[in-house]
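K.L.:
Let me begin by handing over the structure; questions about it come next.
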Amino acid sequence: MNHKFDALVLGAGAAGLLCAIEAGKRGRRVAVLEHAERVGKKILISGGGRCNFSNILCQPENFISANEHFAKSALARYTPADFIALVEKHRIPYHEKTLGQLFCDRSAQDIIDLLESECRAAEVQIFLQCRIQEVHCTTEFVVHSESGEFRAPALVVATGGLSIPKMGATPFGYELAQQFGLKIVETKPALVPFVLSGKDRSRYCDLAGVSAEVVAKSNHHAFREKMLITHRGLSGPAILQISSYWRKGQPIRIDLAPDCEITRTIRESNVRNSAAAQKAFQGVLPKRFAERWLEHHAPTAWNNEALAKWEKQVHDWVIKPADTEGYEKAEVTAGGVDTAELSSKTMECLNVKGLFFIGEVVDVTGHLGGFNFQWAWASGAAAGRAL
Ligand SMILES: Cc1cc2nc3c(=O)[nH]c(=O)nc-3n(C[C@H](O)[C@H](O)[C@H](O)COP(=O)(O)OP(=O)(O)OC[C@H]3O[C@@H](n4cnc5c(N)ncnc54)[C@H](O)[C@@H]3O)c2cc1C
């Protein structure tokens with residue numbers, strides 16, 4: 238079978254579907270080719286099943302890229318308010334959790350239903366279980382698949398990153414970019430828990446499940462949120478956020494008592510011993526974690542000088558992760574198609590007319606909190622409006 242369209246979108250995830258909707262609304266005949274048996278599988282598992290679909294506090298600073306300015310244009314032209322308008326049009330109940338994060342009240346399925354319904358209205362054709370064998374470009378793009386040959390003058394690559402291979406993630410987008418001579422910024426797992434080395438693991442990991450509010454720091458970035466001890470290392474929002482900035486071999490620094498002067502009560506008291514130090518952590522760290530941390534980081538003496546040093550250590554616990562949990566557990570892939578290859582207005586390749594890259598496959602990575610979907614919507618809309 239030979240299918241002819243105005244645009245082909247590869248990947249029926251967040252970015253691909255929004256792009257197809259925008260182009261379809263403008264009268265383009267669009268086909269979305271997806272190798273899975275259904276659309277939006279990652280949307281369904283996102284946000285713990287409730288999809289943190291956007292963030293009302295979205296700013297360009299919430300994104301990581303070799304070119305920090307690249308995302309600005311697309312983000313400004315498709316804002317959280319634009320997606321919220323769609324959510325409200327479909328009467329999907331939602332709420333703000335914390336820090337501007339918007340979640341569905343019911344289920345992430347609501348977002349998939351919204352996208353499918355908008356696709357139908359825009360007469361977008363979706364081809365599922367469509368395995369792509371080859372892509373080449375003559376006077377137009379030709380995609381060979383097990384479901385036949387698809388042709389169009391425009392090709393949008395929205396095949397996502399490498400995280401969660403079990404869900405169907407593939408390196409397809411990067412390989413296609415390389416086929417067309419585009420540069421790739423090295424990829425790495427991001428928003429991912431850390432694995433601790435043997436020594437630290439035996440010190441702390443039997444406390445799995447214990448959490449505390451901390452400030453986690455790496456490479457001049459800091460996040461104040463919860464940290465969670467796991468069976469293999471550290472997780473929780475503060476850790477996931479900082480993992481996106483961390484490079485293998487580096488330590489991370491953790492303030493265990495943000496805004497607290499832990500030694501004040503000890504200095505003011507006549508009793509200066511480990512029981513007093515433990516008590517000083519009351520209301521700041523969970524008791525079990527405070528006890529354990531103190532076992533390995535007791536003050537060297539109880540005079541004011543030693544206590545001042547120890548205070549510093551409490552606010553600057555240096556710990557060196559062995560590694561991250563990798564793509565199996567990473568929420569996103571950092572790096573990707575080099576933004577220097579793309580127009581920031583349309584996501585079209587500067588050197589290959591008609592070829593577009595959108596969503597996670599591009600070297601733009603959001604912080605935790607709905608920013609990755611906002612980038613998927615915004616970059617999808619930017620390309621969809623240019624088709
Ligand atoms: C567990 C988890 C929870 C998350 N929660 C959130 C959240 O709450 N909020 C948030 O903002 N972000 C969240 N994210 C990140 C977010 O899901 C992604 O950033 C976003 O889905 C990227 O959209 P995309 O369209 O670029 O890629 P994807 O959503 O990954 O879509 C890519 C599509 O392309 C298809 N595909 C891949 N290869 C091929 C191929 N060769 N041929 C055809 N089709 C192909 C895939 O099957 C998939 O359908 C979460 C991620 C994970 C893993």
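When we follow this note's numbering, the leftmost residue of the sequence shown carries the number 238, and every step to the right adds one.
Ideal Cβ placement from N, Cα and C applies to all residues, glycine included.
All values reported here derive from a predicted model rather than from experimental measurement.
By alpha-carbon positions, which one of Ile466, Lys278 and Ile421 ends up nearest to glutamine 366?
P.N.:
Taking only the C-alpha atoms, the option nearest glutamine 366 is Lys278.
K.L.:
Looking at proline 430 and alanine 563, is the spacing between their C-beta atoms short of 7 Å?
P.N.:
Looking at the sequence itself, residue 563 is glycine, so the reference to alanine does not match. No; because the gap between Cβ atoms is not below 7 Å, this pair is not in contact.
K.L.:
For alanine 449, name the three-state secondary structure that DSSP assigns.
P.N.:
DSSP places alanine 449 in strand when its eight states are reduced to three.
K.L.:
Three or more beta-carbon pairs under 8 Å between the region 266 to 274 and the region 290 to 300, yes or no?
P.N.:
Result no; under three Cβ-Cβ pairs closer than 8 Å.
K.L.:
Which of helix, strand or coil does DSSP assign to cysteine 586?
P.N.:
It is a strand residue.
K.L.:
Would you tell me roughly how many angstroms separate the C-alpha atoms of alanine 244 and leucine 433, rounded to the nearest one?
P.N.:
Answer to the nearest angstrom: the Cα atoms are 47 Å apart.
K.L.:
In chain order, what residues of the same chain have a beta carbon less than 7 Å from the beta carbon of arginine 504, not counting five sequence neighbours either side?
P.N.:
Answer for arginine 504: Asn541 and Leu544, listed in chain order.
K.L.:
Comparing alpha-carbon positions, which option in Thr561, Asp560, Asp600 and Glu568 lies nearest leucine 579?
P.N.:
Of Thr561, Asp560, Asp600 and Glu568, the residue nearest in Cα terms is Asp600.
K.L.:
What number of angstroms, rounded off, separates the C-alpha of glycine 473 from the C-alpha of valine 551?
P.N.:
Near 19 Å, if we compare the C-alpha coordinates of valine 551 and glycine 473.
K.L.:
Ordered along the chain, which non-local residues of its own chain (more than five positions away) have a Cβ less than 6 Å from that of phenylalanine 320?
P.N.:
Cβ neighbours of phenylalanine 320 beyond the five flanking positions: Ser291 and Trp614.
K.L.:
Less than 8 Å between the CB atoms is what I'm expecting for serine 302 and threonine 576, so what's the real figure, rounded?
P.N.:
The Cβ separation is near 6 Å, so the contact holds.
K.L.:
Compute the minimum distance between the beta carbon of phenylalanine 610 and the heavy atoms of ligand 1, and state whether it is under 6 Å.
P.N.:
Checking the Cβ of phenylalanine 610 against ligand 1 gives yes.
K.L.:
Rounded to the nearest angstrom, what separates threonine 500 and alanine 517 at their Cα positions?
P.N.:
Approximately 7 Å between the Cα atoms of the pair.
K.L.:
Tell me whether the beta-carbon of alanine 620 lies closer than 7 Å to the beta-carbon of valine 393.
P.N.:
It is a contact, given that the beta carbons lie within the stated cut-off.
K.L.:
Would you decide whether glycine 398 is buried or exposed? Buried here means 16 or more other CB atoms lie within 10 Å of its CB.
P.N.:
Classification of glycine 398: buried, given that the 10 Å Cβ count is 16 or more.
K.L.:
Would you give the residue range spanned by the beta strand (DSSP E) that phenylalanine 387 belongs to?
P.N.:
Counting along the chain, the beta strand (DSSP E) containing phenylalanine 387 begins and ends at 385 to 389.
K.L.:
Run the proximity test for isoleucine 479: is its beta-carbon closer than 6 Å to any non-hydrogen atom belonging to ligand 1?
P.N.:
Result no, Cβ not under 6 Å from ligand 1.
K.L.:
Between the region 588 to 600 and the region 316 to 330, can you find at least three pairs of beta-carbon atoms closer than 8 Å?
P.N.:
Too few Cβ pairs lie closer than 8 Å, so no.
K.L.:
So, with DSSP's three-state summary, where would you put glutamate 360?
P.N.:
In this structure, glutamate 360 counts as coil in the three-state DSSP scheme.
K.L.:
Say yes only if the C-beta of isoleucine 401 is nearer than 6 Å to one or more non-hydrogen atoms of ligand 1, and no if none qualify.
P.N.:
Yes, ligand 1 has a heavy atom inside 6 Å of this Cβ.
K.L.:
Is the separation between the beta-carbon of valine 269 and that of alanine 251 shorter than 7 Å?
P.N.:
Cβ distance not < 7 Å, so valine 269 and alanine 251 don't count as in contact.
K.L.:
Does the beta-carbon of threonine 335 have 16 or more other beta-carbons within 10 angstroms, so that it is buried, or is it exposed?
P.N.:
Flag for threonine 335 reads exposed.
K.L.:
Quick one: Cα of valine 555 to Cα of alanine 475, how far?
P.N.:
Valine 555 and alanine 475: Cα-Cα distance of roughly 15 Å.
K.L.:
At the level of alpha carbons, what is the spacing between threonine 502 and methionine 584?
P.N.:
Each residue's Cα considered, the two are about 57 Å apart.
K.L.:
Pull up the CB-CB distance for isoleucine 421 and tyrosine 411, whole angstroms please, since I reckon it's below 8 Å.
P.N.:
Confirmed, Cβ separation roughly 5 Å.
K.L.:
Taking all protein chains shown into account, do 16 or more other C-beta atoms lie within 10 angstroms of the C-beta of histidine 604, making it buried, or fewer, making it exposed?
P.N.:
By the neighbour-count rule (16 or more Cβ atoms within 10 Å), histidine 604 is buried.
K.L.:
Tell me whether arginine 265 is buried or exposed, calling it buried when 16 or more other Cβ atoms sit within 10 Å of its Cβ.
P.N.:
Arginine 265 should be labelled buried.
K.L.:
Return the first residue and the last residue of the beta strand (DSSP E) that cysteine 374 is part of.
P.N.:
Unbroken beta strand (DSSP E) run through cysteine 374: 369 to 374.
K.L.:
Among residues of its own chain, excluding the 5 on either side of leucine 531, which ones have a beta-carbon nearer than 7 Å to its beta-carbon?
P.N.:
These residues qualify, in order along the chain: Ser511, Ala514 and Gln515.
K.L.:
With distances taken Cα to Cα, identify the nearest neighbour of alanine 459 among Ile489, Phe300, Ile363 and Cys442.
P.N.:
Comparing Cα-Cα distances from alanine 459 to each of Ile489, Phe300, Ile363 and Cys442, the minimum goes to Ile489.
K.L.:
Measure the alpha-carbon distance for glycine 286 versus serine 344 and round it to whole angstroms.
P.N.:
Rounded to the nearest angstrom, the two C-alpha atoms are 6 Å apart.
K.L.:
Is there a Cβ of chain C sitting closer than 7 Å to that of glutamine 519, yes or no?
P.N.:
Among the chains of the structure shown, chain C does not appear; only one protein chain is present.
K.L.:
Please determine whether the Cβ atom of alanine 249 lies at a distance below 6 Å from any heavy atom of ligand 1.
P.N.:
True, at least one ligand heavy atom lies under 6 Å from that Cβ.
K.L.:
For a test of your reading of the model: does the CB of alanine 252 fall under 6 Å from any non-hydrogen atom of ligand 1? Yes or no.
P.N.:
The answer is yes for alanine 252.
K.L.:
Over what stretch of residues does the alpha helix (DSSP H) that includes cysteine 256 continue unbroken?
P.N.:
Its alpha helix (DSSP H) spans residues 251 to 262.
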